[in-house]
Structures are given as C-alpha cells and as structure tokens.
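Notes follow the structure.
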Amino acid sequence: MFFIISNDKELRADGRAYNELRPIKIEAGVLKRADGSAYLEVGGNKILASVYGPRESYIRRLLKPNTGVIRVRYNMAPFSVDDRKRPGPDRRSTEISKIAADALRPALMLESFPRSMVDVSIEVIEAEGGTRCAGITAAAVALADAGIPMKDIVVGCAAGKVNDQIVLDLSEKEDKEGQADVPIAIMPRTGEITLLQADGNLTEEEFEEALDLAMEGCMKISELQHEALKNRYSSE
Amino acid sequence: MDIVPEITRKSITRLINDGKRADGRAFDERRDIFIEPNVIEKAEGSARVKLGDTQVIVGVKPTIGEPFGDTPNLGVLMTNCELLPMAAPGFEPGPPSPESIELARVVDRGIRESELVDLEKLCIEEGKKVWMLFIDLHVIDYDGNLFDASNLAVMAALMNTKLPVAEYIDDEVVLSEDETMDLPIRDKLALSTFVKIGNGLILDPSLEEEEILDARITIGVTDEGNHVCSMQKGGEAPLSRDEILDAVHMAFTTKDDLLSYLD
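Written out as structure tokens, the structure is:
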C-alpha cells in the first residue's frame, strides 16, 4: 500500500491554489458621458471607474503651468458592504484616493497638457476584499479608454499571508482572518512598482515571496486589461 | 454657461413646434428601458436601471432602530441620492447639491405618499423597535431624466428586497438566521417626467432636451390605486392649467407600459 504525500501547498478556503486569482472580468467603455470608463469584477468586487479630461483645471490651487494633474476619487457605495457605509469621504477613502493617484500618475504623459486636470473616479459598487487594487486596475483601463497618452497600463494586485502561507489575491474573508496583506501596483512593461502598502506580520523572506507573487498576479491581470481594451475597440 | 445647449436650442425647439423630436420619438414615447434586479449581493435589495443611456444603481440596506415618536408602529424609509462625479462632467464631489436633494426627495415622496410599502409590517415592537430602510440611489451615467430612471430603480430594488424575520424577545430583537420575508409591497408607482419646450410637452426628456427645458413637471401615479400621489414642477417658465392636465392625462395613459417592465 502506498501513501502519496503531496508537496503541493494546501488549498484555500474557497478552493483556490496559493497562486490563483479570483475570477476576473474587465470591460472598457461602459459609460456614455465619461471620456473613458471601465467596469471590473473580481471575486465579489464590482467596481466602476470613469475618467474626465484632460480638461481645464478650474481648481486654481491644483493648476500647474508646466503639466497636467491627476485627481482621483475613490468612493464606496453605501450598499457595497454588509453594514451600510455612511455616504461621503472618510479617512480610509481619502487615503486610498491619494495613493491611487500616486499609483497611476507615473504612467501618464501629462506634460503635454499643462494647466489641465484629469479626473478619475473609482466607485466601489460592491466590495469583497482588495478594492484598492481592483480600483486602480479599472482606473488604468478607463484612462486608456479615454485616450490619455501613457507609457504603460498600471495594474494592481495583492498578496498576503493566510494560515502561515503566502497566497495571491486575498478574498474578504482571508483579508479579515489573514496575517498580512501586501497590495501593490506596477507598470508591467518595466516592472516598476507604483503602489506598495503592507500590513500584518511577514518575515523578510515572506515579504519577498509575497511581492513576487503579487507581481506575478499583476502580469496575469495586465493581459486581461489589454483584452478588454481590444474588445472595446474591435467592435466599433 | 454651457455653449452647446444654446446652439441646439433653436433647432430642437423648432422641431418640437413641428411635432417632432430630435431622436425621432413621439411626444409620449420613452426611451428603451432595461432593468437588472439583484445586482448587489450584499444589499438586501438592489437594481440597476438603464433609461436610454441614463443609468442608476439602487441598493436597499435595512437597520433596526427606534420609531419616531408620532408613529410608534411604523417602519422608517430614508432615501439618499448621490450624483456621482463619474455620471457627468459637471457633477462634483462634496456635500449633496440642491439637484441631488431634490431628486432624492421627489423619489422619496412618491414612495412615501403612495404608501406602497406597508410600514406597519416593518414594525417589530411598537414604540421600541422598527425596521429602517436606507434606499441609496447611485447615479452613474446622466443622460437626462433622472427622476423616472431613479424611481424605476427604487421600485425594482424594493420589489426584490428581503429582510430577515425579526422577533422581539425579552427587550431584544432576535433576527432569524435563515428565514427571510419579502418587503410588504402593496402597490406600484409610475413616475413620469415631462418637459415643456416651445409649444410641446414631451415625456422622458433626453439630456439635450433637459438642458434647454422651459418647464418641467414630474407626476407620480399609483398602479392599483390609480391615483396621482406626487408631483413636482421645475424650470423657470410657468405651465398653464391645460398643460398640467395634459401631462397628468399622459401620465395615466403611459403608466401600464412603464410598469410592465417591473413584472
């Protein structure tokens, strides 16, 4: 009689392998009024992103005479979470708005649009863990859909630690029960990292593993971004 | 001031005076309607509605709270609206604009005055605990006539709202883990918005029509009750008695077609 001892890492609560993403769907050009837009579903997340601009900056203090600026607003719908969220910005969404702008900015060639402003809006319609990365991914597709010159399409993904194991793309449950979460965003052509956060406990080796895994996830999602844009413009 | 509406004003007005609309619709014809119920799994009730290219998402979230002193046996409805900056180039983040407050209040008034939700059945223990329903309206694409689109979305969301069965035991509310009840709905509301441009009164204005309107009137009509239960006039120009009666008549004649989308 044989016992087969598997070296594979354990499956996760939702049956995914350690390096498996949740099912993803990306669609570009979903809104009529916006200059660019995208809809993204990953796991139970439903996210809409829109772009207006470049347009004249009517906010004086944001205006820069030598370049355009990007403004991001990340917002959660009151019905997107289990306990109704009070409408309007809070400290968390203000922070995410800022880091999302920082994550997207490096890819954009806004130098050609002095005194102008690009408004990006990320609306979380339903949340299920990992909304900031999903929001950045959707926003990058919306920016491309708006035809804004860019060097690369930024893409976001997280890795983390659950049950002492480094895993890709944490679900809401894993995020709550897990030991660490490392959301990142990269420019896939160069691999440069434009967003990096981390919370929880990781050893140096574990962090490196998580970072590599998250970058691997980003590369996979990046392909889907490209596909969404191709679909959008091949059907027209 | 927006330049484009000033340029299109003449041609649209001339068309309407000739009995035509820019997009070829009849005066009492709506744009295409598309309703997708249950779009948000985390909300107890939800719907996405497209009216032409106007798009809104509504989510209903319940909480348990204390009833108002003058209505100790009635549940509470609260309607909130956000005109998201993604919906139009002119929508700005920040505190609610007068337009968004008007929209929320007009939709709320229709739902409330038609008494289509049986609020007595939302009472858990008289004077102590009742269900409070938050109806959150998210406008994601604005292409004219938010009133009708929003009302349709709220109706669709309420019609598929499910609440956990609640019992009041020893001064505490106990929620059933698996048993749910449908929201007690006893009627449907058809909300119809007309605008006056030139000499014509037209149903379901598109964005370019709405931008140059002289006057606007929104009329809420119940299905079973067959009553007018809410109204709101907007715009700078006045409306004559006959124009208002015309609009009310059209609200009744187009009601069945509108509400058939909710079946």
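Protein sequence lines, in the order shown, are assigned to chains A and B. Going left to right, the first sequence walks through residues 737 to 972 as this note's numbering numbers them. Going left to right, the second sequence walks through residues 832 to 1094 as this note's numbering numbers them. Where a beta carbon is used, it is the ideal one built from N, C-alpha and C, also for glycine.
Problem - Chain-order list of residues whose beta-carbon lies under 8 Å from that of GLY927(A) (same chain, five-residue window excluded) - result: Apart from the 5 residues on each side of it in sequence, GLY927(A) sits with its Cβ closer than 8 Å to the Cβ of MET951 in its chain, given in chain order.
Practice task
Report yes or no: do the stretch 755 to 764 of chain A and the stretch 841 to 849 of chain A share at least 3 C-beta pairs separated by less than 8 Å?
Solution key: no
Problem - Beta-ladder partner(s) of MET1012(B), from DSSP - result: LEU994(B)
Problem - Option in ARG852(B), GLU944(B), GLY883(B) with minimal Cα separation from ARG769(A) - result: GLY883(B)
Practice task
Indicate whether THR1024(B) and LEU1034(B) have their beta-carbon atoms separated by less than 9 Å.
Solution key: yes
Handout entry: Min CB distance ALA874(B) to chain A below 9 Å
Key = For ALA874(B), the closest Cβ of chain A is nearer than 9 Å.
Practice task
Please check if any C-beta of chain A sits within less than 9 Å of the C-beta of ASP1009(B).
Solution key: no
Practice task
Give a yes or no on whether the C-beta atoms belonging to ASN976(B) and PRO927(B) are separated by under 9 Å.
Solution key: no
Practice task
Pull up the DSSP beta-bridge partners for GLY876(B), would you.
Solution key: Partner(s): VAL891(B).
Exercise for the section: Check whether the stretch 856 to 865 of chain B touches the stretch 944 to 961 of chain B, counting contact only when three or more Cβ pairs, one atom from each stretch, lie closer than 8 Å. Expected result: Not touching, per the Cβ criterion.
Problem - Any C-beta of chain A under 9 Å from that of THR992(B) - result: no
Practice task
Rounded to whole angstroms, what's the CA-CA distance from LYS881(B) to ILE866(B)? Just pull it up for me.
Solution key: 7 Å
Problem - Local Cβ density within 10 Å of VAL890(A), reported as buried at 16 or more and exposed below that - result: Around the beta-carbon of VAL890(A), 16 or more other beta-carbon atoms lie within 10 Å, marking it buried.
Practice task
Run through the stretch 827 to 866 of chain A for me and flag every whole beta strand (DSSP E) of 3 or more residues, listed as ranges in chain order.
Solution key: 852 to 862
Problem - Sub-9 Å separation of LEU964(B) and PRO893(B) beta-carbons - result: In this structure, PRO893(B) lies closer than 9 Å to LEU964(B) by Cβ.
Problem - Between the CA atoms of ALA1068(B) and VAL938(B) - distance to the nearest angstrom - result: 23 Å
Handout entry: the stretch 857 to 865 of chain A / the stretch 779 to 793 of chain A touching (three or more Cβ pairs under 8 Å)
Key = As far as the Cβ criterion goes, the stretch 857 to 865 of chain A touches the stretch 779 to 793 of chain A, which means the pair count is three or higher.
Practice task
Go ahead and pull the three-state DSSP assignment for VAL937(B).
Solution key: helix
Exercise for the section: Take every Cβ of the stretch 875 to 890 of chain A, pair it with every Cβ of the stretch 918 to 927 of chain A, and state whether three or more of those distances are shorter than 8 Å. Expected result: As far as the Cβ criterion goes, the stretch 875 to 890 of chain A touches the stretch 918 to 927 of chain A, which means the pair count is three or higher.
Exercise for the section: Could you confirm whether any beta carbon from chain A is found closer than 9 Å to the beta carbon of PRO929(B)? Expected result: no
Handout entry: Where PHE1083(B) sits in the DSSP three-state scheme
Key = helix
Practice task
Name, please, each residue of chain A whose Cβ falls closer than 9 Å to the Cβ of GLY890(B).
Solution key: ALA813, PRO814, PHE815, SER816, ARG820, ILE861, GLU862
Exercise for the section: Determine whether the Cβ of GLY914(A) lies closer than 9 Å to any Cβ atom of chain C. Expected result: Annotation note: the requested chain C is absent from the structure, which comprises protein chains A and B.
Problem - Bounding residues of the alpha helix (DSSP H) (the contiguous stretch that carries ASN1030(B)) - result: Run containing ASN1030(B): none; DSSP gives neither H nor E here.
Exercise for the section: Could you check if SER742(A) is buried or exposed, using at least 16 other CB atoms within 10 Å of its CB as the buried criterion? Expected result: Unreliable positioning characterises SER742(A) in this predicted model, as indicated by a pLDDT of 45, which lies under 50. The coordinate reading is nonetheless provided below. Result: exposed.
Problem - Neighbourhood of ASP967(B) by C-beta, 6 Å cutoff - its chain only, sequence neighbours within 5 removed - result: GLY890, ASN911
Problem - Neighbour list for LEU784(A) in chain B, Cβ cutoff strictly below 8 Å - result: The answer, in chain order, is MET917, ILE971.
Exercise for the section: State yes or no: is the beta carbon of ALA770(A) nearer than 9 Å to at least one beta carbon in chain B? Expected result: yes
Problem - Closer than 9 Å at the beta carbon, the chain A residues around PHE965(B) - result: PRO814, PHE815, ARG820
Exercise for the section: Closer than 8 Å by C-beta to LEU757(A): which residues in its own chain qualify, once you throw out the five before and the five after it? Chain order, please. Expected result: For LEU757(A), same chain residues with a beta-carbon under 8 Å away, outside a window of 5 residues either side, are VAL778, CYS893, LEU904, ASP905, GLY953, LYS956, ILE957 in chain order.
Practice task
Compare the C-alpha of ALA753(A) against each of LEU949(A), PRO825(A), TYR794(A), ARG851(A) and name the closest.
Solution key: LEU949(A)
Practice task
Please determine if the stretch 1075 to 1093 of chain B and the stretch 1046 to 1060 of chain B are in contact, where contact requires at least 3 C-beta pairs separated by less than 8 Å.
Solution key: yes
Problem - Whole-Å CB distance - GLY789(A) paired with ASP855(A), under 8 Å assumed - result: 5 Å
Practice task
Please confirm if SER742(A) has its CB atom under 9 Å from at least one CB of chain B.
Solution key: Because SER742(A) carries a pLDDT of 45, less than 50, the predicted location of this residue cannot be relied on, and the following value inherits that uncertainty. Judged by the 9 Å Cβ criterion, SER742(A) is not in contact with chain B.
Problem - Cα-Cα separation, ALA916(A) to ASP854(B) - result: Each residue's Cα considered, the two are about 55 Å apart.
Problem - N- and C-terminal bounds of the alpha helix (DSSP H) containing HIS962(A) - result: It spans 940 to 970 - the alpha helix (DSSP H) in which HIS962(A) sits, taken as one unbroken run.
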